[in-house]
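K.L.:
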Amino acid sequence: MNVFNANFSSLNALKGKDGAKLGEAHIGLHKNGDLVVYTGIDFLLHPNQVRQAKDFLAENMGGDTAEKSFPLLADLLVQARRRDVSASFVAADIHAGDKFKNDPRFNHVVSTCTPAEAERFDSDKRQVLDGSIRPLQGCGIVAPSSLLDTLPVKFDFIMHDKNVNMTGGSEFPLRSEGRPKGFYVYDGAHAKADEQLPGTPYGNYFNKHAFGPDLKIIGVDNGDKGTLGIRINFDDIPENIPLLINGGALSGCTMVYGVKDGHFYAYHAGKATREDDSWTTCTDGARSIMETHAQFAGGQVPAGVFGNQVLLDFLQGSFDYAVMGYCGHDDRPDSIVKNNGSRVVSFNYNGRDAGGAVRVGNSAALLMKKDGVLSFETLNDDMSIGLQGGDIQSLDCRTTRWLSGR
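Given below as structure tokens:
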């Protein structure tokens, strides 16, 4: 996505910028809170943002400018299919995110719970803090409200994408100064629900409930046309401290969790934007995960054509046990895993018919060491999202459990 600062006092400011055509412009609200004008739009993550953006324009721009902008929304109002964004302009001068999120009509964040919800969470919390990931099924996506200055566990990281190519990985900085982008270290007392756009969460479970500081969390983003990853030595994991690792909201990315020779690995492959190009996660992303692991832990990447089945076969030969969450498409045979290995479990978080509903994937791992034995549980969840974000449910889910020394 090509992003340009633009003065939104007039839509005429968009003319002549890198081929932008005023008649093809569309307006939406970006996840980071900016009001965005898209040209050649090919992707719509959340259709309801169109109506919300139109209401927002009418209220905050007013007059002739707002009236002229309405025709530019017409195409979006009838589009329900996903396509790629080829270019956009950020209107950064009207504080769209703050105004949008503070409007009670658009803010669907709920932080209070009913007595029944509180009772259920008490049970969920006990189980999660004891090392079980199952209670998190259908609960949405967790994200940090603030980050920790120090690490709960020592780990190595690696970045292998179009911007950075680390050949062997490095120890993640102990303190927050100088930490690389794409990795988030926080705890259950500083967590919230991730959001599709300001005020529209992926469920409100993590807004209503706090697991407290005993739950440590590491978020691993995808690379930009590549992979980010971490490695944790079993010996560095403290006793009786649950450690949750996740990749945030998934809408095409691949997540891999695995264990080998006393180490835990997590990889997240994808691209930062949905620009229309030849890079695909099921082929290029699969190769990227294999290359990243080979650089991180040693080994050879197979030659030939890549796909998710090839990736699974690679994991079968590279790990004692591994779990892979991916986005398969019926019209892309190379994106579908047909045969699982004896040591690898795969899950397609796009495998169920969602009936046109907006959906999101979740892939997470929970590590817990008790009396020297490490449990490694995973959750892969395909969830549908209501138009207002708070209504979320699991369409399909798979959990796994592995114990060291077994």
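Counting from 1 along the sequence shown, just add 1404 to a position and that's the residue number in the numbering used here.
The beta-carbon is built from N, C-alpha and C at its ideal position, and this holds for glycine as well.
Everything numeric in this text was worked out from a predicted model, so none of it was measured.
Can you give me the Cβ contacts of H1564 inside the same chain, cut-off strictly under 7 Å, excluding the 5 residues immediately before and after it?
P.N.:
Hits under 7 Å: M1570, G1627, G1630, T1631, S1692, E1695, T1696, Q1699.
K.L.:
Within 10 angstroms of its Cβ, does A1522 collect 16 or more other Cβ (buried), or is it exposed?
P.N.:
By the 10 Å Cβ count, A1522 comes out exposed.
K.L.:
By how many angstroms is the C-alpha of G1708 removed from the C-alpha of D1534?
P.N.:
Rounded to the nearest angstrom, the two C-alpha atoms are 44 Å apart.
K.L.:
On a CA-only basis, which of Q1720, S1682, G1607 is nearest I1545? Give me that one, please.
P.N.:
Residue G1607 is the option with its Cα nearest to I1545.
K.L.:
Which residues does DSSP pair with K1612 in a beta bridge?
P.N.:
For K1612, which the question treats as bridged, DSSP gives no partner whatsoever.
K.L.:
For L1715, report the span of its beta strand (DSSP E) as first-last.
P.N.:
Counting along the chain, L1715 falls outside any beta strand (DSSP E), though it belongs to the alpha helix (DSSP H) covering 1712–1722.
K.L.:
Who are the Cβ neighbours of K1596 in its own chain at under 7 Å, not counting the five residues just before and after it?
P.N.:
Within the same chain, K1596 has close Cβ partners A1547, S1549, F1610, N1611.
K.L.:
With a threshold of 16 other CB atoms inside 10 Å of the CB of T1554, please say whether the residue is buried or exposed.
P.N.:
When all chains shown are included, T1554 counts as exposed.
K.L.:
Is it buried or exposed, R1635, if we count other Cβ atoms within 10 angstroms and call 16 or more buried?
P.N.:
The residue in question, R1635, is buried, as its Cβ has 16 or more Cβ neighbours within 10 Å.
K.L.:
Could you tell me which residues DSSP puts in a beta bridge with P1548?
P.N.:
Partner(s): A1595.
K.L.:
Measure the CB-CB distance between F1780 and A1769 and report whether it falls below 8 Å.
P.N.:
Cβ distance < 8 Å, so F1780 and A1769 count as in contact.
K.L.:
Do the region 1652–1665 and the region 1571–1581 touch if we need at least three Cβ pairs shorter than 8 Å?
P.N.:
No, the region 1652–1665 does not touch the region 1571–1581.
K.L.:
Since G1651 and H1667 should fall inside the 8 Å C-beta cutoff, what is the C-beta to C-beta distance between them, to a whole number of angstroms?
P.N.:
Not really, about 19 Å apart at Cβ, beyond 8 Å.
K.L.:
Under the three-state reduction of DSSP, which class applies to F1561: helix, strand or coil?
P.N.:
In this structure, F1561 counts as strand in the three-state DSSP scheme.
K.L.:
Note down, in chain order, each residue of its chain lying with its Cβ closer than 6 Å to the Cβ of I1649, except the 5 sequence neighbours on either side.
P.N.:
These residues qualify, in order along the chain: I1622, A1670, A1769.
K.L.:
With a Cβ-Cβ cutoff of 8 Å, do T1685 and G1656 count as a contact?
P.N.:
Yes, these two residues count as a Cβ contact at 8 Å.
K.L.:
What span of residues does the beta strand (DSSP E) with I1789 cover, start to end?
P.N.:
Note, I1789: beta strand (DSSP E), 1777–1789.
K.L.:
Can you tell me the Cα-Cα spacing of F1723 and D1775, whole angstroms?
P.N.:
Going from the Cα of F1723 to the Cα of D1775 covers about 24 Å.
K.L.:
Quick one: residues in its chain with C-beta nearer than 6 Å to the C-beta of R1583, no 5 flanking neighbours on either side, listed in chain order?
P.N.:
Result list for R1583: P1577, in chain order.
K.L.:
Within a Cβ cutoff of 6 Å, which residues of the same chain sit near I1740, ignoring the five residues on either side of it in sequence?
P.N.:
Around I1740: G1732.
K.L.:
Under a three-way DSSP split, which group does F1751 fall into?
P.N.:
Strand, per DSSP.
K.L.:
Nearest-angstrom Cα distance between K1773 and L1807?
P.N.:
Approximately 10 Å, taken between the alpha carbons.
K.L.:
Short check: CB of V1589 to CB of L1647, under 8 Å?
P.N.:
No, these two residues do not count as a Cβ contact at 8 Å.
K.L.:
Taking the continuous beta strand (DSSP E) assigned at K1773, which residues delimit it?
P.N.:
K1773 -> beta strand (DSSP E) spans 1762–1774.
K.L.:
Any C-beta of chain D sitting closer than 8 Å to the C-beta of P1646?
P.N.:
Absent from the structure: chain D. Only one protein chain is present.
K.L.:
Check A1478 in the structure and name its three-state DSSP category.
P.N.:
Residue placement at A1478 is flagged as unreliable, the pLDDT there being 38, under the threshold of 50; the coordinate-derived value follows with that caveat. Reduced to three states, the DSSP call for A1478 is helix.
K.L.:
Can you tell which of S1682, R1802, D1795 has its C-alpha closest to the C-alpha of S1767?
P.N.:
The shortest Cα separation from S1767 among S1682, R1802, D1795 belongs to R1802.
K.L.:
Where does I1537 fall in DSSP's three states?
P.N.:
I1537: coil per DSSP, three-state reduction.
K.L.:
Taking only three categories from DSSP, how would you classify D1800?
P.N.:
Three-state DSSP puts D1800 in a strand.
K.L.:
Since I believe F1615 is in contact with V1748 (beta carbons under 8 Å), could you give me their beta-carbon distance rounded to a whole number of angstroms?
P.N.:
At roughly 29 Å, the Cβ-Cβ gap does not stay under 8 Å, so V1748 and F1615 are not in contact.
K.L.:
CB D1800 to CB R1756, shorter than 8 Å?
P.N.:
Their beta carbons are under 8 Å apart, which means D1800 touches R1756 by this criterion.
K.L.:
Could you tell me the alpha carbon to alpha carbon distance between G1542 and R1805, rounded to whole angstroms?
P.N.:
About 18 Å.
K.L.:
Taking the continuous alpha helix (DSSP H) assigned at H1697, which residues delimit it?
P.N.:
That run of the alpha helix (DSSP H) goes 1690–1701.
K.L.:
To the nearest angstrom, report how far apart K1558 and D1640 are at their CA atoms.
P.N.:
If you take the alpha carbons of K1558 and D1640, they lie about 6 Å apart.
K.L.:
Using a Cβ-Cβ cut-off of 6 Å (strictly less than) and excluding sequence neighbours within five positions of C1815, which residues of its own chain qualify?
P.N.:
Given a span of 1405 to 1810 for the chain in the structure shown, any question on residue 1815 remains unanswerable.
K.L.:
Helix, strand or coil for F1525 per DSSP?
P.N.:
Reduced to three states, the DSSP call for F1525 is helix.
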